[in-house]
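In my numbering, the protein residues as written are 2 to 431.
1. Under DSSP, the alpha helix (DSSP H) around residue 118 begins and ends at which residues?
2. When the Cα atoms are used, what is the spatial distance from residue 356 to residue 348?
3. For residue 279, does the count of other Cβ atoms within 10 angstroms reach 16, so buried, or fall short, so exposed?
4. What runs of the beta strand (DSSP E), each 3 residues or longer, lie entirely inside the segment 217-273?
5. If I measure Cβ to Cβ from residue 85 and keep anything under 6 angstroms in the same chain, skipping five residues before and after, which residues do I get?
6. Beta-carbon within less than 6 angstroms of residue 185's beta-carbon, same chain only, minus the 5 sequence neighbours each way: which residues are those?
7. Evaluate residue 203 with the Cβ neighbour count: other Cβ atoms within 10 Å of its Cβ, from every protein chain shown; 16 or more gives buried, anything less gives exposed.
8. Sorted by chain position, which residues of the same chain lie with C-beta nearer than 7 angstroms to residue 368's C-beta, five sequence neighbours on each side aside?
9. By DSSP, does residue 351 sit in helix, in strand, or in coil?
10. Is DSSP giving residue 156 helix, strand or coil here?
11. Measure the CB-CB distance between residue 326 and residue 372 and report whether it falls below 8 angstroms.
12. Assuming residue 383 and residue 119 form a contact by the criterion Cβ under 8 angstroms, report the distance between their Cβ atoms to the nearest whole angstrom.
13. Hey, is the segment 86-106 in contact with the segment 136-147, meaning 3+ C-beta pairs nearer than 8 angstroms?
14. What's the C-alpha gap between residue 232 and residue 195?
15. Under a Cβ-count criterion, where at least 16 other Cβ atoms within 10 Å of its own Cβ denotes burial, should residue 240 be classed as buried or exposed?
16. According to DSSP, is residue 361 part of a helix, a strand, or is it coil?
17. To the nearest whole angstrom, what separates the beta carbons of residue 176 and residue 135, a pair I think is in contact under 8 angstroms?
18. With a threshold of 8 angstroms, are at least 3 pairs of Cβ atoms found where one atom belongs to the segment 290-300 and the other to the segment 250-258?
19. Tell me the DSSP secondary structure of residue 193 in three-state form.
20. Compute the Euclidean distance between the alpha carbons of residue 165 and residue 188, then round it to the nearest angstrom.
21. Please say whether residue 318 and residue 380 have beta carbons closer to each other than 8 angstroms?
22. If you count every other CB in all the chains shown that lies within 10 Å of the CB of residue 392, and 16 or more means buried, which is it?
23. Less than 8 angstroms between C-beta atoms, sequence neighbours within five positions excluded: which residues of the same chain meet that for residue 110?
24. Pull up the distance between the alpha-carbon of residue 174 and that of residue 299, whole angstroms please.
25. In whole angstroms, what separates the C-alpha of residue 275 from that of residue 338?
26. Could you tell me the distance, in whole angstroms, from the CA atom of residue 179 to the CA atom of residue 246?
27. Where do the ends of the alpha helix (DSSP H) carrying residue 142 lie?
28. What residue range is occupied by the uninterrupted alpha helix (DSSP H) comprising residue 291?
29. Let me know if residue 244 comes out buried or exposed under the rule of 16 or more other beta-carbons within 10 Å of its beta-carbon.
30. Residue 217 to residue 236, Cα distance in whole Å?
31. Going by C-alpha to C-alpha distance, which of 344, 183 and 152 sits closest to residue 361?
32. Taking 8 angstroms as the threshold (C-beta atoms), are residue 238 and residue 190 in contact?
33. In the DSSP assignment, find the unbroken alpha helix (DSSP H) run with residue 375 in it and report its ends.
34. Should residue 448 and residue 366 be called a contact, given that it needs their Cβ atoms to be closer than 8 angstroms?
35. Can you tell me which of 284, 322, 171 and 205 puts its alpha carbon nearest to the alpha carbon of residue 257?
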């Protein structure tokens, strides 16, 4: 592809990403006003409220039908709503999102290995490796808490091992929010790093070096853990005596005194969560990515006549990181808006809040599962390294041919002069 055609292709890719974000927003708002049924009584909230209610509801359902013995915020529902909930959650979380989790886990694992082979953009590659690893942790915990749990509930398998499953979910529950927070702020770091490299190149050597990047990633990991530490003290498992003579012991979840406090429910659970995972990162990403897109277009116009190999790789990785941020905005911004609108609304199937919150959760899974596609489409070096990793024999065959042309292919004096150059060129391509 010529240098004249490359900027047009890059600009078209950026425009496609922006249009996809606009279309996703239009679709979500059309769903908002279309109506999916009559709401029923059940108090729920956003992504974290859904998970909390999901854990508590599981404890209620495991109590051999004695829902009154379990502390729960969910009002009694009809069997029709129960059946609708079960089918909808199984299809959405276990089938659709479950497949996305598995494909995303495979794609992120491959991306991590292939990105290690990229020596042209070490800092950007290291950032994308960290994002791939964090996305896999998020997908793994999400798969555990939603995909497997809904599948077990749908097939009535929880009663056989519900105590063990209850402990597993309680002690891995905070990990979901730790990985979610880390994914969000790693995306902000990716946008900031590329913004400095492109828009502030004289400061890049100071702020975008590999040691500085490693320290920033470690700081994000530490912040994600510390910020979500209170979630370890939100709920606890309590034994309860049931039966006529109260001789049978069951285990259920209950909110701790700390989890029911005003500080936790309003300041931490509501205000801090919205600010740290939505408002602040969204404002930073919009600013950084907008400036980066405009700077990228200006640089592309200025360098149309340049054919430097390093610059081509640099532009490619810039486009990749722009698309990663656009995908994050397209998936997470609508999801957060939906969760804020229906944070205290009813969400029993088939109500509108139920459908919208379910779709918003799937969008977050889609965001963590799709970066591999971006790397393959917009990064030529990634495709080459992927092919080299999957087909190592091809590289060895090319090397053998180059060596053969050097040793056996020169039959004249002219050939002896040309052969080393041809072989060296072929070896350089490898």
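Just so you know, even glycine gets a beta-carbon here, dropped at the ideal spot from N, CA and C.
The structure says:
1. Premise fails: residue 118 is in no alpha helix (DSSP H) and is neither H nor E.
2. Answer to the nearest angstrom: the Cα atoms are 8 angstroms apart.
3. Around the beta-carbon of residue 279, 16 or more other beta-carbon atoms lie within 10 Å, marking it buried.
4. Those beta strand (DSSP E) runs which fall completely within the segment 217-273 and span 3+ residues are 236-243 and 249-256.
5. 350 and 351, listed in sequence order.
6. Same-chain partners within the cutoff: 278 and 282.
7. With fewer than 16 other Cβ atoms within 10 Å, it is exposed.
8. These residues qualify, in order along the chain: 328, 329, 332 and 333.
9. For residue 351, the secondary structure class from DSSP, reduced to helix, strand or coil, is coil.
10. Reduced to three states, the DSSP call for residue 156 is coil.
11. In this structure, residue 372 does not lie closer than 8 angstroms to residue 326 by Cβ.
12. Confirmed, Cβ separation roughly 7 angstroms.
13. These segments touch.
14. Rounded to the nearest angstrom, the two C-alpha atoms are 33 angstroms apart.
15. Exposed, because fewer than 16 other Cβ atoms sit within 10 Å of the Cβ of residue 240.
16. Secondary structure at residue 361: helix, using DSSP grouped into helix, strand and coil.
17. Rounded, the Cβ-Cβ distance is 11 angstroms, inconsistent with contact.
18. Segments in contact, no.
19. Reduced to three states, the DSSP call for residue 193 is helix.
20. In a straight line, the C-alpha of residue 165 is about 35 angstroms away from that of residue 188.
21. Inclusion of residue 380 and residue 318 in the CB contact set at 8 angstroms is warranted, their separation being smaller than that value.
22. If you draw a 10 Å sphere on the C-beta of residue 392, you find fewer than 16 other C-beta atoms in it, and that means exposed.
23. Once the five neighbours on either side are set aside, the close Cβ partners of residue 110 are 133 and 137.
24. Taking the straight line joining both Cα atoms gives about 46 angstroms.
25. Looking at the two C-alpha atoms, the distance is approximately 10 angstroms.
26. Those two C-alpha atoms are separated by around 43 angstroms.
27. From DSSP, the alpha helix (DSSP H) with residue 142 extends over 123-143.
28. If you look at residue 291, you'll find it in the alpha helix (DSSP H) that goes 281-303.
29. It is exposed - the Cβ of residue 244 has fewer than 16 other Cβ atoms within 10 Å.
30. One C-alpha to the other measures close to 32 angstroms.
31. In terms of CA proximity to residue 361, 344 leads the group 344, 183 and 152.
32. The answer is no: Cβ separation not under 8 angstroms.
33. Taken as a continuous stretch (DSSP letters only), the alpha helix (DSSP H) holding residue 375 covers 372-379.
34. The structure shown does not extend to residue 448, since the chain is modelled only from 2 through 431, so no value can be given for it.
35. When the alpha-carbon of residue 257 is set against those of 284, 322, 171 and 205, the nearest one is in 171.
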